[in-house]
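Trainee: Just dropping this structure here.
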Amino acid sequence: MPHDANSQTSARAQPHGGGQPSVAVLISMGRHPLTGRARRADQDARAVEMALSLSDARPRLLHAGHFDQDSEAALRGYLGMGFDALELIEQESGADVIAALSDRLRETAPQLVLTGARAENGEGSGLLPYLLADALGWPIVTSLASIERIERGEATLLQALPRGQRRRLRVRLPAIVTVDSSAPAARQSAFGPARRGVFERVAHASVQDAAFAKWDVQPARKRPKRLKIVKATSARDRFKAAAAKAEGGGGQILADVTPEQGAEAIFKLLQEEGVLR
Amino acid sequence: MKDDLRRDPRKEWIARNRLHPDHQRVLAELGQLERGAASAEWLGPNGLTRRDPHAVGFIGPNGLKRIDRSGAQQAATASDTRQRGAAVDTRQSINIETPAFVVAVVPDMSGGRLSSQDRDVLGLARQLADADPARPGAVLAVLFGEHKEDSLGEAGIDRLLHLEGDEFAGYAPEARLAALMAVEREWAPRHWLLPDSALGGADLGRRLAARIGERPATGVWQLNVNESAATGNAGSSQGWQCLARGAAGTRDILRPLPRVVLALAECAEPVYETRHAARRVELSEALPETLGRITDMGAVAVDPAGVALAEAEFILSAGNGVKDWEGYHRAAEVLQATKGASRVAVDDGFMPRDRQVGATGTWVTARVYVAVGISGAIQHLQGIQNCDKVVAINFDGGCDMVKRADLAVLGDSSQILDALVALVERYRQQQQESRDAA
Chain A
240 MPHDANSQTS ARAQPHGGGQ PSVAVLISMG RHPLTGRARR ADQDARAVEM
290 ALSLSDARPR LLHAGHFDQD SEAALRGYLG MGFDALELIE QESGADVIAA
340 LSDRLRETAP QLVLTGARAE NGEGSGLLPY LLADALGWPI VTSLASIERI
390 ERGEATLLQA LPRGQRRRLR VRLPAIVTVD SSAPAARQSA FGPARRGVFE
440 RVAHASVQDA AFAKWDVQPA RKRPKRLKIV KATSARDRFK AAAAKAEGGG
490 GQILADVTPE QGAEAIFKLL QEEGVLR
Chain B
35 MKDDLRRDPR KEWIARNRLH PDHQRVLAEL GQLERGAASA EWLGPNGLTR
85 RDPHAVGFIG PNGLKRIDRS GAQQAATASD TRQRGAAVDT RQSINIETPA
135 FVVAVVPDMS GGRLSSQDRD VLGLARQLAD ADPARPGAVL AVLFGEHKED
185 SLGEAGIDRL LHLEGDEFAG YAPEARLAAL MAVEREWAPR HWLLPDSALG
235 GADLGRRLAA RIGERPATGV WQLNVNESAA TGNAGSSQGW QCLARGAAGT
285 RDILRPLPRV VLALAECAEP VYETRHAARR VELSEALPET LGRITDMGAV
335 AVDPAGVALA EAEFILSAGN GVKDWEGYHR AAEVLQATKG ASRVAVDDGF
385 MPRDRQVGAT GTWVTARVYV AVGISGAIQH LQGIQNCDKV VAINFDGGCD
435 MVKRADLAVL GDSSQILDAL VALVERYRQQ QQESRDAA
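Protein chains in written order, with my numbering: chain A, 240 to 516; chain B, 35 to 472.
Given below as structure tokens:
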């Protein structure tokens, strides 16, 4: 399906046309956790993957930030997932990109904005999607597992909960959704499309992030392991705490009961804990 | 006053002097006669502790003298006042009537209980509130929905705002945010503290920060006083600094403490030395109606076999005591529990290796762990250390698993499982009927 960059631009001109939901993916520059090399950000790549999995949508990529050799290599990684072009709002190094992104999104008015939960560089607080949602007045949903369908201005989403659980949500569009590592893994980046892809530059004034420049940023040091606090008054208690087997203490023991009574007690506990669905 | 040790030197002297005519009377008076032996330890006339090594110990069941150095026996026979003193809760009870400021905490309360991260965050809130002893602040906890916690004051909560209602049930970030904004208007907390946990405080806290226009500190794991800025007033927020994880956990950011703080687990020690009032407060005005653009359509059934054992919520685990394997698998299916196994069951080929729970298998974190026919080897008990509720179904009442369990049912496991399956099937049927009727 080869089509040049211009055809995408024209598709963007009518965002609501033809029942195709217009989807934008915000991408950022990643950083390999071990080598520190620039790469696709893992969560953002998953967001791109999720956008590509929508059958009738034609996702666009949007990046705002400083552009140099490193970030070009990283951004081309996204292009290699099957894109011809990528919209780039070039900013100075250390700039706050919220204004640039919210202005651009307001201009292009996509129906759905996908992004990773947090960046792998800079502060990485995960606040950007929330600030964008607040600036645009859109709802935001986090930690997506999949998008089930988009119809009549509403999206049905599957949210990933801890412990492998899923929850179905319905969100009024336009909306911002973020994915984290519970989303399906991203496809490989192909080298050829990555080289051929082009950057469509959009100009926007950059605002410096003054607060972040003042903070002291260091490589993460290992967190001290919490010591087991033993509040013992006697040597015996201290010894017991050090050498203890796991003890429930005060557990209820049902002996000499019929199987039905025992099952009843277990059933009650399961119901109290809410694990029976 | 009763707990004070008042000494009568004369009586002590008589008690030591076996030849004194009043010896027995004084002994009885001092409560030492009941033990059938003279006291092994007393205060000497010079205030030194004197010990009689011959009076230590007791005669065991075999007629041999036994000495228990642990003090368990001594404690059992010690005088009443001592024993009562040990049982009494020694924690200091604190009631802050007019707080100088408010620190708001929104615990996750996953499963209706304070998680360990919630307790850590409450400990952090106490650090902030108690920084200046002359002007203590109050920790206000905002809880949504029902909870099962009955000792909230012991976690360090002074004020409790409990918001119940259908609008907060399930995933309702918009309604919860509206409630937090009402709290912000009413109490204007000096700090907002939330646990930085997926889908709990992490989501709500970022929404709150974006709404009130504060730049939050996320992933905070350490709080310390900034020496250079703390010359004037250590308690003010200018004096606090926090260390936060940034850039996907690869950077540490040292920054002044902002108003909104999202803290990681183990950011501070939980409260254990004091008890607080946990007095209930109410919002003075009713919450405004919120326009919900996110609708929660409920949980989606997930294949329990597909859930990783380490993060499964509900595990039905089988061991050597299981004879009816068909019945066990059926029970796991009906209960929609993830299957686990002890090492013996895996070694014997009844269960696959990736289902093994314990030190050599998977360390599980289930909320409910049902152990069927597992005696509880130490390696297995290590693996289930982090489980909340353990249910044991076992034939042998003396095994370690029964000691560990919160509920132990002694009997034939296959019969009990069958009865449980019948109960759950009936329950499901009733639910189905009521759903059909509705």
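We treat Cβ as the ideally placed atom computed from N, Cα and C, and that holds for glycine.
Just so we're clear, the structure is a prediction, and the values are computed from it rather than from any experiment.
(1) State the beta-bridge partners of W255/B as determined by DSSP.
(2) In chain order, which alpha helix (DSSP H) runs of at least 4 residues are fully inside the region 250 to 325 of chain A?
(3) Any residues in the region 182 to 205 of chain B with a beta carbon nearer than 9 Å to a beta carbon of chain E? Which ones, in chain order?
(4) Check whether chain A comes within 8 Å of E300/B, counting only Cβ atoms and requiring the distance to be less than that.
(5) Measuring alpha carbon to alpha carbon, tell me which residue in V380/A, H271/A, G316/A and D495/A is nearest R433/A.
(6) Is P250/B helix, strand or coil when you go by DSSP?
(7) Round the Cβ separation of M268/A and A425/A to the nearest angstrom and send it over; I've been treating them as touching at under 8 Å.
(8) Under a Cβ-count criterion, where at least 16 other Cβ atoms within 10 Å of its own Cβ denotes burial, should T265/B be classed as buried or exposed?
(9) What number of angstroms, rounded off, separates the C-alpha of L327/A from the C-alpha of N258/B?
(10) Helix, strand or coil for Y1/B? Go by DSSP, reduced to three states.
(11) Below 8 Å on the Cβ atoms is my contact criterion, and I expect L391/B with H363/B to pass it. Report the Cβ-Cβ distance as a whole number of Å.
(12) So with Cβ pairs under 8 Å, would you call A439/B a contact of chain A?
(13) Examine chain B for any beta-carbon lying closer than 8 Å to the beta-carbon of G487/A, and answer yes or no.
(14) Any beta-carbon of chain B closer than 8 Å to the one on T354/A?
(15) Does V390/A get closer than 8 Å to chain B when you measure Cβ to Cβ?
(16) Rounded to the nearest angstrom, what separates I386/A and E201/B at their Cα positions?
(17) Roughly how many angstroms lie between the CA atoms of G119/B and G445/B, to the nearest whole one?
(18) Taking the alpha carbon of K235/A as the point to measure from, which residue in D42/B, V425/B and R309/B has its own alpha carbon closest?
(19) So, under 8 Å CB-CB, P195/B and V217/B are touching, yes? Tell me the CB distance rounded to an integer number of Å.
(20) Nearest CA to the CA of S364/A: which residue from R193/B, L197/B and L298/B?
(21) Am I right that P223/B and A165/B are in contact with their C-beta atoms under 8 Å? What's the rounded C-beta distance?
(22) Can you tell me which of G410/B, R327/B, A333/B and A213/B puts its alpha carbon nearest to the alpha carbon of A320/B?
(23) Would you say V380/A and L396/A are within 8 Å of each other, going by their C-beta atoms?
(24) Can you tell me the Cα-Cα spacing of Q466/B and R516/A, whole angstroms?
(25) Are the beta-carbon atoms of L300/A and L340/A separated by less than 8 Å?
(26) Just the Cα atoms here: how many angstroms apart are D290/A and P298/A?
(27) At what residues does the alpha helix (DSSP H) containing H196/B begin and finish?
(28) Could you confirm whether any beta carbon from chain A is found closer than 8 Å to the beta carbon of G91/B?
(29) What span of residues does the alpha helix (DSSP H) with L508/A cover, start to end?
(30) For chain B, is any of its Cβ atoms less than 8 Å away from the one on E499/A?
(31) Am I right that P250/B and V295/B are in contact with their C-beta atoms under 8 Å? What's the rounded C-beta distance?
(32) Nearest-angstrom Cα distance between T451/A and L288/B?
(33) Can you pull the chain A neighbours of L350/B, defined as C-beta to C-beta under 9 Å?
(34) Going along chain A, which residues have a C-beta under 9 Å from K357/B?
(35) Does any residue of chain A bring its CB to less than 8 Å from the CB of E323/B?
(36) I believe G187/B touches A311/B by the beta-carbon criterion, under 8 Å. Please report the beta-carbon distance rounded to the nearest angstrom.
Mentor: Let's see:
(1) The residue you call residue 255/B lines up with position 221 of the second sequence. Note: W255/B sits in no beta bridge, so no partner.
(2) 281 to 292 and 308 to 318
(3) No chain E is present in this structure, whose protein chains are A and B.
(4) Working through the second sequence from its first residue, we reach residue 300/B at position 266. Answer yes: the Cβ-Cβ gap between E300/B and chain A drops below 8 Å somewhere.
(5) Residue mapping note: residue 433/A aligns to position 194 of the first sequence, counting from 1. Correcting the residue identity first, residue 433/A is Ala in this sequence and not Arg. Nearest option by C-alpha distance: G316/A.
(6) Residue 250/B sits at position 216 when you count from the first residue of the second sequence. Reduced to three states, the DSSP call for P250/B is coil.
(7) Position 29 of the first sequence, counting from 1, holds the residue named residue 268/A. Position 186 of the first sequence, counting from 1, holds the residue named residue 425/A. No, M268/A and A425/A are not in contact; Cβ-Cβ is about 15 Å, not under 8 Å.
(8) Position 231 of the second sequence, counted from the first residue, corresponds to residue 265/B. Unreliable placement is indicated for T265/B, whose pLDDT of 48 sits below 50; the coordinate value is still reported in the next sentence. With fewer than 16 Cβ atoms within 10 Å of its Cβ, T265/B is classed as exposed.
(9) In the first sequence, residue 327/A corresponds to position 88, counting from 1. In the second sequence, residue 258/B corresponds to position 224, counting from 1. The straight-line gap from Cα to Cα measures roughly 40 Å.
(10) There is simply no residue 1/B to check, as chain B begins at 35 and stops at 472 in what is shown.
(11) Translated into positions along the second sequence, residue 391/B becomes position 357. Translated into positions along the second sequence, residue 363/B becomes position 329. Checking the displayed sequence, the identity of residue 391/B turns out to be Val instead of Leu. Not confirmed; about 16 Å, so no contact.
(12) Stepping through the second sequence from its first residue, residue 439/B is reached at position 405. Cβ-Cβ to chain A under 8 Å: yes for A439/B.
(13) If you number the first sequence from 1, residue 487/A lands on position 248. Its pLDDT being 49, under 50, G487/A is placed unreliably by the model, and the measurement read from it follows with that caveat. Chain B contact via Cβ: present.
(14) Locating residue 354/A in the first sequence gives position 115, counting from the first residue. No, T354/A does not count as interfacial toward chain B.
(15) Residue mapping note: residue 390/A aligns to position 151 of the first sequence, counting from 1. This sequence places Glu at residue 390/A; Val is not what is there. Answer no: the Cβ-Cβ gap between E390/A and chain B never drops below 8 Å.
(16) Taking the first residue of the first sequence as 1, we reach residue 386/A at position 147. Taking the first residue of the second sequence as 1, we reach residue 201/B at position 167. If I take the Cα positions, the gap works out to 25 Å.
(17) Taking the second sequence and counting its residues from 1, the one referred to as residue 119/B is at position 85. Taking the second sequence and counting its residues from 1, the one referred to as residue 445/B is at position 411. With a pLDDT of only 41 at G119/B, under 50, the local geometry of the prediction cannot be trusted, and the value read off the model is given with reservation. Approximately 41 Å, taken between the alpha carbons.
(18) Chain A is shown from 240 up to 516; residue 235/A falls before or after that span and cannot be answered.
(19) Walking along the second sequence from the start, residue 195/B turns up at place 161. Walking along the second sequence from the start, residue 217/B turns up at place 183. Reading off the sequence shown, one finds Leu at residue 195/B, where the question assumed Pro. About 7 Å; that satisfies the 8 Å criterion.
(20) Your numbering for residue 364/A matches position 125 in the first sequence. Here the closest residue by C-alpha is L298/B.
(21) Counting from one through the second sequence, the residue named residue 223/B turns up at place 189. Counting from one through the second sequence, the residue named residue 165/B turns up at place 131. That pair is no contact at about 15 Å.
(22) On the second sequence, position 286 is the one that residue 320/B refers to. Selected option, being the one with the closest Cα: A213/B.
(23) Along the first sequence, read from residue 1 onward, the residue named residue 380/A stands at position 141. Along the first sequence, read from residue 1 onward, the residue named residue 396/A stands at position 157. Contact flag set, yes.
(24) Indexing the second sequence from 1 puts residue 466/B at position 432. Indexing the first sequence from 1 puts residue 516/A at position 277. Q466/B and R516/A: Cα-Cα distance of roughly 11 Å.
(25) Here residue 300/A refers to the residue found at position 61 when the first sequence is read from its first residue. Here residue 340/A refers to the residue found at position 101 when the first sequence is read from its first residue. No, Cβ-Cβ distance for L300/A and L340/A is not below 8 Å.
(26) Counting from one through the first sequence, the residue named residue 290/A turns up at place 51. Counting from one through the first sequence, the residue named residue 298/A turns up at place 59. Sequence inspection shows Ala at residue 290/A; the Asp mentioned does not correspond to that position. Going by the C-alpha atoms only, they are around 6 Å apart.
(27) Counting from 1 along the second sequence, the entry for residue 196/B is found at position 162. No alpha helix (DSSP H) holds H196/B; the beta strand (DSSP E) holding it covers R193 to L197.
(28) For the purposes of this step, residue 91/B is taken as residue 57 along the second sequence, with counting starting at 1. Answer no: the Cβ-Cβ gap between G91/B and chain A never drops below 8 Å.
(29) Mapped onto the first sequence, residue 508/A falls at position 269. Note, L508/A: alpha helix (DSSP H), P498 to E512.
(30) Reading the first sequence from its first residue, position 260 is the one you call residue 499/A. It does; some Cβ of chain B falls within 8 Å.
(31) For this step, residue 250/B is matched to residue 216 along the second sequence. For this step, residue 295/B is matched to residue 261 along the second sequence. V295/B and P250/B do touch by the CB rule: their CB atoms are close to 7 Å apart, below 8 Å.
(32) Numbered from 1 along the first sequence, position 212 holds the residue referred to as residue 451/A. Numbered from 1 along the second sequence, position 254 holds the residue referred to as residue 288/B. Inspection of the sequence shows that residue 451/A is occupied by Phe rather than by Thr. Looking at the backbone, the Cα of F451/A and that of L288/B are separated by about 10 Å.
(33) Along the second sequence, one-based indexing puts residue 350/B at 316. In chain order: nothing, as chain A lies at least about 10 Å away.
(34) Position 323 of the second sequence, counting from 1, holds the residue named residue 357/B. By Cβ distance, chain A contributes nothing, its closest Cβ being about 15 Å from K357/B, past 9 Å.
(35) For the purposes of this step, residue 323/B is taken as residue 289 along the second sequence, with counting starting at 1. No, E323/B does not count as interfacial toward chain A.
(36) Numbered from 1 along the second sequence, position 153 holds the residue referred to as residue 187/B. Numbered from 1 along the second sequence, position 277 holds the residue referred to as residue 311/B. With a Cβ gap of about 6 Å, G187/B and A311/B count as contacting.
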